[in-house]
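> Note that the sequence shown ends on residue 263 in full-length UniProt numbering; no numbers are left out.
Just dropping this structure here.
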Amino acid sequence: MTEAQPYSLWAGAGLLALAALGVALFAGPDAGTSRRILVQFLFRIALPICIILGLPLVLIARTIDLEDRLWQALIAGLVIAMGWLTTAMFTEIGRSRQRAERLRDYHKAIYAEIGNNLNTLWSAEAIDGYAERLIGRMQGDPDFVPFIPKEHNDHVYDAIIDRIDVLPRQTIDAIVAYYSQVKAISALAEDMRGDAFKTLSQDRRIAMYSDYVEMKKQALAFGTYATSLIRAFAEGGAPAADALIRSVSSRAAARSGQSPGSE
């Protein structure tokens with residue numbers, strides 16, 4: 001073996017290592033997690049160690065010869081640090097994947113539950129049409145009391161409420177707003193099913209039913225918005241959901257005659 005061959009082997013190994021590092025840091029769905037862990041390792045561990053130990057050792061090495069055992073210990077420490085870094089990367093990647101899978105599962109379940117309720121609500125026009133006919137009957141017959149079915153469209157939400165923090169900021173506000181409206185409707189429906197509702201005058205019953213209808217329409221709007229955000233997040237991630245939020249906010253501001261940033 002010539003003197004140049006060992007250097008060629010080391011150069012080839014170095015290039016291969018750099019290529020592998022580049023793939024780990026910039027390719028694949030977990031590249032962002034790897035970069036974040038590497039940055040944390042460099043600035044929280046490697047840099048302080050270099051400042052505390054590295055600089056004194058460099059100064060000492062320039063004045064006296066260090067024993068081979070000390071260099072061996074330094075190399076061993078570097079290997080241990082690299083092992084820690086590798087373990088941390090794979091551990092965090094595993095946690096990131098688990099969080100992503102849980103988020104997808106929650107979004108799918110919530111999307112299905114909201115979608116099922118939206119299908120029963122039809123549209124705002126259909127709700128208005130049905131309510132108009134029912135209120136007309138109530139006005140024509142003072143003794144007529146409409147039948148109000150039980151409202152319980154939040155089984156999935158109640159099941160995941162203790163772990164709702166896994167939802168991203170882009171969808172959690174819309175989801176919570178929708179289910180808050182659903183629970184308010186459920187409470188009002190329960191009141192309208194009670195005996196006290198039957199003893200009210202027809203005008204008061206009509207007023208309560210009108211509020212009930214408006215709350216249904218608001219739930220339809222909230223649910224449509226929430227499912228749109230979930231779908232956007234599933235298709236394009238956080239950037240797509242943020243873009244939809246900005247678009248909806250701009251349209252709402254335009255309808256109210258204000259600029260998006262005005263008070």
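Just so it is clear, CB atoms sit at the ideal spot from N, CA and C, and this is done for glycine as well.
1. For Ala252, which three-state DSSP category applies?
2. With burial defined as no fewer than 16 other Cβ atoms inside 10 Å of the residue's Cβ, what is the status of Ile175: buried or exposed?
3. At which residues does the alpha helix (DSSP H) containing Arg36 begin and terminate?
4. Determine contact between the stretch 151-159 and the stretch 87-99, defined as no fewer than three beta-carbon pairs at a distance below 8 Å.
5. Assuming Ile114 and Gly223 form a contact by the criterion Cβ under 8 Å, report the distance between their Cβ atoms to the nearest whole angstrom.
6. Starting from Ile51, follow the alpha helix (DSSP H) in both directions and report where the run begins and ends.
7. Classify Gln139: buried if its beta carbon has 16 or more other beta carbons within 10 angstroms, exposed otherwise.
8. Please list, in chain order, all residues of the same chain as Thr240 whose beta carbon is under 7 Å from its beta carbon, the five residues on each side excluded.
9. At what residues does the alpha helix (DSSP H) containing Phe197 begin and finish?
10. Leaving out the 5 sequence neighbours to the left and right, which residues in its chain are closer than 8 Å to Asn119 when beta-carbon positions are compared?
11. Along the chain, which unbroken stretches of the alpha helix (DSSP H) at least 4 residues long are found entirely within the stretch 88-142?
12. Tell me whether Pro239 sits in a helix, a strand or coil according to DSSP, three-state version.
13. If you draw a straight line from the alpha carbon of His152 to that of Ala184, how long is it in whole angstroms?
14. State buried or exposed for Gln170, treating a residue as buried only when at least 16 other CB atoms are found within 10 Å of its CB.
15. Would the beta-carbon of Ile127 fall within 8 Å of that of Val213?
16. Anyone know if the C-beta pair for Phe197 and Asp191 falls short of 8 Å?
17. DSSP on Ile148, reduced to helix/strand/coil?
18. Per DSSP, what kind of secondary structure is Ala27 in: helix, strand or coil?
19. Since Tyr209 contacts Pro146 with CB under 8 Å, what's their CB separation in whole angstroms?
In terms of the structure at hand:
1. Residue numbering aside, residue 252 sits at position 252 when the sequence shown is read from its first letter. In the structure shown, Ala252 sits in a helix (DSSP, three-state: H, G or I).
2. Position 175 of the sequence shown, counting from 1, holds the residue named residue 175. Classification of Ile175: buried, given that the 10 Å Cβ count is 16 or more.
3. Here residue 36 is taken as the residue at index 36 of the sequence shown, counted from 1. Per DSSP, Arg36 belongs to the alpha helix (DSSP H) from 31-41.
4. no
5. As a working mapping, residue 114 is identified with position 114 in the sequence shown. As a working mapping, residue 223 is identified with position 223 in the sequence shown. Indeed they touch by this definition, with Cβ atoms about 5 Å apart.
6. Here residue 51 corresponds to residue number 51 of the sequence shown, with the count starting at 1. Here Ile51 belongs to no alpha helix (DSSP H), and DSSP marks it neither H nor E.
7. To locate residue 139, count along the sequence shown from 1; it is residue 139. With fewer than 16 Cβ atoms within 10 Å of its Cβ, Gln139 is classed as exposed.
8. Along the sequence shown, read from residue 1 onward, the residue named residue 240 stands at position 240. Correcting the residue type first, residue 240 is Ala in the shown sequence and not Thr. For Ala240, where only same-chain residues beyond five positions count, the Cβ hits under 7 Å are Ala232, Phe233.
9. Numbered from 1 along the sequence shown, position 197 holds the residue referred to as residue 197. Phe197 -> alpha helix (DSSP H) spans 195-198.
10. On the sequence shown, residue 119 is found 119 positions in, with the first residue counted as 1. Counting only Cβ-Cβ distances below 8 Å, and skipping sequence neighbours, we find nothing.
11. 124-140
12. By 1-based counting over the sequence shown, the position of residue 239 is 239. Helix, per DSSP.
13. What you label residue 152 is simply residue 152 of the sequence shown in a count that begins at 1. What you label residue 184 is simply residue 184 of the sequence shown in a count that begins at 1. If you take the alpha carbons of His152 and Ala184, they lie about 11 Å apart.
14. Within the sequence shown, numbered from 1, the residue matching residue 170 stands at position 170. Gln170 should be labelled buried.
15. Residue numbering aside, residue 127 sits at position 127 when the sequence shown is read from its first letter. Residue numbering aside, residue 213 sits at position 213 when the sequence shown is read from its first letter. Yes, the pair counts as a contact, with Cβ atoms nearer than the cut-off.
16. Translated into the one-based positions of the sequence shown, residue 197 becomes position 197. Translated into the one-based positions of the sequence shown, residue 191 becomes position 191. The answer is yes: Cβ separation under 8 Å.
17. Reading the sequence shown from its first residue, position 148 is the one you call residue 148. Looking at Ile148 - three-state DSSP - the assignment turns out to be coil, as it is neither helix nor strand.
18. The residue given as residue 27 occupies position 27 in the sequence shown. In the structure shown, Ala27 sits in coil (DSSP, three-state: anything other than H, G, I, E or B).
19. By 1-based counting over the sequence shown, the position of residue 209 is 209. By 1-based counting over the sequence shown, the position of residue 146 is 146. Yes, Tyr209 and Pro146 are in contact; Cβ-Cβ is about 6 Å, under 8 Å.
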